[in-house]
Structure formats: structure tokens, C-alpha cells
Amino acid sequence: MSTNPDVVVLREGTEGLSMESYTETLRERLPDREVALARTPRDERELVPQARVATGISLEEALLEEADRLELFACTFAGTDHLPTDALADRGVAVTNAGGIHAPGIAEQSIGNMLVFARNLHEGWRRKQNHEWRHFQSSEFTDSTVTIVGLGSIGQEIVQRLEGFEIETIGIRYTPEKGGPTDEVLGFDEDDIHEAFARSDYVVLACPLNDLTRGLVGEAELATLPPNAVVVNAARGGIVDTDALVSALQTEGIRGAALDVTDPEPLPNDHELWDLENCLITPHTGGHTPKHWDRLADIVAHNVDALEEGGDLENVVRRPDSN
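Just so we're aligned, residue 1 is where the sequence shown starts under UniProt numbering, counting upward by one.
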């Protein structure tokens with residue numbers, strides 16, 4: 001086993017990806033550093049106290065007690081609410097996340113879902129399964145209005161990829177006065193949400209789940225959407241009121257929904273959403289990409305070098321002195 005590693009990779013994997021492959025990718029990025037994989041709880045207990053950087057899904061407080069050399073925990077998730085951030089800060093450990101690495105895949109899937117509904121491709125797939133050579137009606141994506149709720153890394157990637165489709169875009173962000181990459185930018189207040197939704201053919205949810213956004217799309221918001229509108233949830237299930245969405249889909253209050261996330265999640269196999277032909281469901285796979293570890297390793301490798309050279313860290317969630 002390595003002694004005094006620069007980086008220790010914790011054993012718990014993410015999104016079906018091997019932490020061994022993550023370790024190898026980090027070693028490629030950091031050929032002059034010692035990168036160790038902790039394969040067991042015992043390995044973690046022995047390696048974390050020796051390491052300068054630990055990376056993984058989470059870090060138990062018990063491991064911190066002896067980790068006097070630890071300067072950085074690089075979380076492999078974008079969200080860090082599950083981490084003992086106060087304990088990490090108290091011990092002088094900075095926290096970074098994986099924010100942004102999922103954005104290209106989520107953006108591509110979101111646009112793919114809109115095109116599915118624009119061209120009615122799910123109906124084509126259904127007829128193909130039934131061996132039916134029968135024509136069906138499609139529409140065009142051109143001249144649509146797309147509202148992107150959240151203009152962070154995911155929202156920006158979506159907007160970038162929408163260029164060239166000859167559509168109008170509305171962005172919703174916390175600080176609309178800052179503007180943004182969309183044709184128009186509005187805020188999260190109720191009037192702005194309804195103004196945007198009333199004009200939208202597609203609404204893409206790409207914002208974090210927090211006190212402001214929980215239940216953001218409920219019965220009232222779905223009623224404001226035109227009957228031909230499609231909701232694409234690429235964010236978190238709790239942003240949408242599931243019961244209200246089921247009702248809107250069943251009564252054709254909206255044309256459809258594409259959900260990569262649900263509330264509850266995983267979606268129970270007897271849930272009503274499964275049987276609705278105007279609802280596409282994927283099991284939280286929007287961010288899955290073969291480039292997952294490559295993108296994350298680039299961030300972590302940069303930060304390892306920054307610790308050594310006194311440079312700025314990327315994707316900082318919390319600094320030791322910010323508590």
C-alpha cells in the first residue's frame with residue numbers, strides 16, 4: 001500500500017463507474033504524484049490520514065480526526081449537501097465539487113428530448129415496435145420558444161447547443177439584471193415564471209433544488225403553460241409537483257414531459273407516469289458519459305497543482321476560512 005499519497009481515491013463508486021478507472025485517469029493527469037485507491041474501509045482508515053487530497057462521494061467525520069495532512073476533499077458529485085462541510089472547514093479542508101462535468105451530456109439529452117416531441121419520434125418508435133407502416137403527424141422545432149430555468153453550467157450548455165435552431169430563448173436566473181446568453185432573461189419571482197411559461201413551447205428545468213425551486217412547477221404553473229407545451233426536467237424531481245404533472249399529462253393540459261429525474265426517485269414500478277404515452281422517462285442518466293472521469297480528473301489535477309503552487313482552486317464549494 002502507498003505511504004503518504006498525494007491523492008487518495010475513496011472506494012465508493014458513482015453512476016456505475018469504477019473508482020479504479022478514476023484512479024488510473026488521475027494517475028495519467030498527475031504522473032509525478034502518488035495516487036492511491038482505497039479499496040476497503042481499512043484502506044480508507046490508513047490512507048486518508050496520510051493524504052493531502054481525498055476524492056470520492058463522501059468523507060466520514062471519523063476519518064477526519066486523524067487526517068492532519070488533508071487540505072482538500074474533491075467531491076465526485078455536483079451536490080455537496082451530504083458532506084460534513086462544517087467539520088471539514090474546522091479542520092482547514094477545502095471542498096470542491098464536480099459541477100459542470102455533467103453539463104454536456106445533460107444538454108444533449110435535453111435537446112434530444114425536445115426534438116423527440118417536435119418530430120413525434122416516440123410515436124414512430126411505438127409504430128416500429130408494432131410493425132406498423134402508417135404515417136403520423138409531426139411538427140417543427142423551428143420558431144419554438146424555449147424557456148431554460150437555470151442558467152448555470154447546464155443551462156448555458158443547453159443555450160449554446162440551441163444556437164442554429166432558429167428559436168426564441170428565455171432564461172430564468174436568480175439575478176436577471178446580469179443578463180445572460182438567452183434572448184430574454186427573467187427572474188424566479190412568480191410573475192416572471194408565469195410570463196415565461198405562458199409563451200413557452202418547451203420548458204427545460206436546469207436549476208438546483210433548494211427552498212426557492214422546490215415545487216416550482218406546480219398546478220398553477222402547469223395551467224399557465226400552453227396545451228402544446230412540453231416540460232423537460234433535467235434537474236431534480238422535487239422541482240416539479242408530480243401529482244400536478246400527472247394530472248396535466250392525463251388531461252392533455254400539456255403535450256408531454258421528458259423526465260430524467262422524478263419525485264419519488266427511483267420511480268416505483270407501479271407509478272402512473274410509466275403508463276403515460278406522452279411522458280418519456282430515463283433513470284437519471286442525463287449526465288452519464290464516457291468522458292465523466294476525464295472531465296473530473298482535469299479539475300482535480302488542476303487543484304492538486306494549485307495546492308502545490310499556491311494557485312486558485314476550481315469548483316470551490318467551501319474554503320476552510322468560510323465558516
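Backbone N, C-alpha and C define an ideal beta-carbon position, used for all residues, glycine too. All of these numbers come straight from a predicted model, not from anything done at the bench.
Which same chain residues, not among the five before or five after residue i, have their C-beta less than 6 Å away from its C-beta?
{"i": "residue 203", "result": "147, 231"}
{"i": "residue 276", "result": "249"}
{"i": "residue 278", "result": "249, 256"}
{"i": "residue 258", "result": "113, 232, 280"}
{"i": "residue 215", "result": "241"}
For residue i, collect the residues of the same chain with a Cβ closer than 7 Å to its Cβ; drop the 5 residues on either side in sequence, then sort them by chain order.
{"i": "residue 95", "result": "73, 75, 80, 83, 85, 88, 317, 318"}
{"i": "residue 66", "result": "49"}
{"i": "residue 165", "result": "141, 142"}
{"i": "residue 322", "result": "Confidence in residue 322 is poor, its pLDDT being 49 and thus under 50, which makes the residue's placement too unreliable to answer from."}
{"i": "residue 180", "result": "151, 171, 173"}
{"i": "residue 169", "result": "146, 148, 159, 162, 182, 183"}
{"i": "residue 327", "result": "Past the boundaries of the shown model lies residue 327; the chain is included only from 1 to 323, so the question cannot be answered."}
{"i": "residue 23", "result": "9, 35, 37"}
{"i": "residue 293", "result": "17, 21, 22, 25"}
Quick one: grab the DSSP three-state call for residue i.
{"i": "residue 55", "result": "strand"}
{"i": "residue 230", "result": "strand"}
{"i": "residue 257", "result": "strand"}
{"i": "residue 103", "result": "helix"}
{"i": "residue 18", "result": "coil"}
{"i": "residue 249", "result": "helix"}
{"i": "residue 198", "result": "helix"}
{"i": "residue 336", "result": "An answer regarding residue 336 cannot be provided, because it is not within the stretch 1 to 323 covered by the chain."}
{"i": "residue 280", "result": "strand"}
{"i": "residue 62", "result": "helix"}
{"i": "residue 323", "result": "In this predicted model, residue 323 has a pLDDT of only 45, less than 50, meaning its place in the structure is not dependable; the value taken from the coordinates is given anyway. Of the three classes helix, strand and coil, the one that applies to residue 323 here is coil, per DSSP."}
{"i": "residue 178", "result": "helix"}
{"i": "residue 13", "result": "coil"}
{"i": "residue 25", "result": "helix"}
{"i": "residue 262", "result": "coil"}
{"i": "residue 82", "result": "coil"}
{"i": "residue 288", "result": "coil"}
{"i": "residue 223", "result": "helix"}
{"i": "residue 41", "result": "helix"}
{"i": "residue 49", "result": "helix"}
{"i": "residue 67", "result": "coil"}
{"i": "residue 326", "result": "What is shown of the chain runs 1 to 323, which leaves residue 326 out entirely."}
{"i": "residue 307", "result": "helix"}
{"i": "residue 273", "result": "helix"}
{"i": "residue 211", "result": "coil"}
Determine which residues share a DSSP beta bridge with residue i and list them.
{"i": "residue 73", "result": "54, 95"}
{"i": "residue 36", "result": "8"}
{"i": "residue 318", "result": "95"}
{"i": "residue 185", "result": "171"}
{"i": "residue 240", "result": "217"}
{"i": "residue 300", "result": "Looking at the DSSP assignment, residue 300 forms no beta bridge with any residue, so it has no partner."}
{"i": "residue 88", "result": "The partner list for residue 88 (beta bridge, DSSP) is empty, contrary to what the question assumes."}
{"i": "residue 205", "result": "149, 233"}
Since residue i and residue j should fall inside the 8 Å C-beta cutoff, what is the C-beta to C-beta distance between them, to a whole number of angstroms?
{"i": "residue 71", "j": "residue 53", "result": "7 Å"}
{"i": "residue 217", "j": "residue 246", "result": "Contact flag wrong, Cβ pair sits at about 13 Å."}
{"i": "residue 5", "j": "residue 59", "result": "Residue 5 to residue 59, Cβ: 15 Å. No contact."}
{"i": "residue 78", "j": "residue 98", "result": "5 Å"}
{"i": "residue 300", "j": "residue 3", "result": "Residue 300 to residue 3, Cβ: 21 Å. No contact."}
{"i": "residue 280", "j": "residue 234", "result": "Residue 280 to residue 234, Cβ: 12 Å. No contact."}
{"i": "residue 19", "j": "residue 37", "result": "6 Å"}
{"i": "residue 193", "j": "residue 229", "result": "Going by Cβ atoms, the distance from residue 193 to residue 229 rounds to 13 Å, so no, they are not a contact pair."}
{"i": "residue 303", "j": "residue 296", "result": "Contact doesn't hold; Cβ gap of about 11 Å is too wide."}
{"i": "residue 260", "j": "residue 242", "result": "With a Cβ gap of about 14 Å, residue 260 and residue 242 do not count as contacting."}
{"i": "residue 237", "j": "residue 262", "result": "4 Å"}
{"i": "residue 153", "j": "residue 105", "result": "About 12 Å separates the two Cβ atoms, so there is no contact after all."}
{"i": "residue 126", "j": "residue 134", "result": "Contact doesn't hold; Cβ gap of about 11 Å is too wide."}
{"i": "residue 63", "j": "residue 45", "result": "7 Å"}
{"i": "residue 51", "j": "residue 69", "result": "6 Å"}
Counting only beta-carbon atoms, is residue i nearer than 8 Å to chain C?
{"i": "residue 202", "result": "Among the chains in the structure shown there is no chain C, since it carries only a single protein chain."}
Ordered along the chain, which non-local residues of its own chain (more than five positions away) have a Cβ less than 8 Å from that of residue i?
{"i": "residue 61", "result": "84, 87"}
{"i": "residue 339", "result": "It is not possible to answer for residue 339, since the shown part of the chain is limited to 1 through 323."}
{"i": "residue 41", "result": "11"}
Length-filtered (4 minimum) alpha helix (DSSP H) runs lying within the stretch 91 to 172: Counting whole runs of 4 or more residues, the stretch 91 to 172 contains the alpha helix (DSSP H) stretches 103 to 119, 121 to 129, 153 to 162.
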